[in-house]
Amino acid sequence: MIIDKQLKDLTVLINETQITQGVLKIAQEINNSFPNDETLHLICVLKGSVMFFVDLIKHLKMPTQLEFIRLSSYGDDDKSSGRVKSIDMNLPILEGKNILIVEDIVDTGYTAQFLTNLLKAEQRPKIIKFAAFLNKECARKVDFHPDFYSYIVEDKFLVGYGLDYKGYYRNLPYVGYFG
Numbered sequence: 218m219i220i221d222k223q224l225k226d227l228t229v230l231i232n233e234t235q236i237t238q239g240v241l242k243i244a245q246e247i248n249n250s251f252p253n254d255e256t257l258h259l260i261c262v263l264k265g266s267v268m269f270f271v272d273l274i275k276h277l278k279m280p281t282q283l284e285f286i287r288l289s290s291y292g293d294d295d296k297s298s299g300r301v302k303s304i305d306m307n308l309p310i311l312e313g314k315n316i317l318i319v320e321d322i323v324d325t326g327y328t329a330q331f332l333t334n335l336l337k338a339e340q341r342p343k344i345i346k347f348a349a350f351l352n353k354e355c356a357r358k359v360d361f362h363p364d365f366y367s368y369i370v371e372d373k374f375l376v377g378y379g380l381d382y383k384g385y386y387r388n389l390p391y392v393g394y395f396g
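Under my numbering, read the sequence shown as residues 218 to 396, first letter to last.
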């Protein structure tokens, strides 16, 4: 199978040790921000955030319920389209509940803002917060800021640790970029 980009051209940006440190940082912040005696409903945005999501939930102190949704604004492009292209969301009623949306990266902010606003309107949660492993502030197009994030990154197209290029490279145990 031939894909457009080769691993030999990949530069590691965040290694496995740094990933673990970043996950623990966010977990501690979440543990300090949500009541430990109330259920936290975590919503994993598939597919990219699954690795971060799994690592994160291992370190949370409160009872949790796990939900999964699928949104896309990239398709096979390496830039966000600026709008959500598809949505697959089958959530239970979360009115009055504590919600944490978990995403791999916030770049333009369009998808994060769209999802947060949608859940606020449809679910009317008690608390809703947003966690992203990576925060690409320099690419932001809307006024959205994740409540929790591990690292601020430059405007590079990143792969690994769930992030992909045309569906590939999600399985890399680090985050890197081509170029």
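All residues carry an ideal CB built from backbone N, CA and C; glycine is no exception. Here the structure is a predicted model, which is why all the values come from computation and not from measurement.
| Item | Value |
| --- | --- |
| K337 - containing alpha helix (DSSP H), residue span | Y327 to Q340 |
| Rounded distance between the beta-carbons of I318 and T333, thought under 8 Å | 7 Å |
| Distance cut-off 7 Å: E339 Cβ against heavy atoms of the ligand GTP | Absent from the structure shown: the ligand GTP. Ligands present: none. |
| Residue of L259, M279, I344 and G265 minimising C-alpha distance to P309 | L259 |
| Host alpha helix (DSSP H) of T237 (start-end) | E233 to S250 |
| Where M279 falls: helix, strand or coil (DSSP) | coil |
| Counted within 10 angstroms of its Cβ, other Cβ atoms place P252 as buried (16 or more) or exposed | exposed |
| M218 in three-state terms, based on DSSP | Reliability fails at M218, whose pLDDT of 38 lies under 50, so the model's placement of it is uncertain and the value that follows must be treated cautiously. DSSP places M218 in coil when its eight states are reduced to three. |
| Buried/exposed call for T325, threshold 16 Cβ in 10 Å | buried |
| G419 and G379 closer than 8 Å at C-beta | Missing from the structure shown is residue 419; the chain here goes from 218 to 396 and no further. |
| With 16 other Cβ atoms within 10 Å as the buried cut-off, status of I243 | buried |
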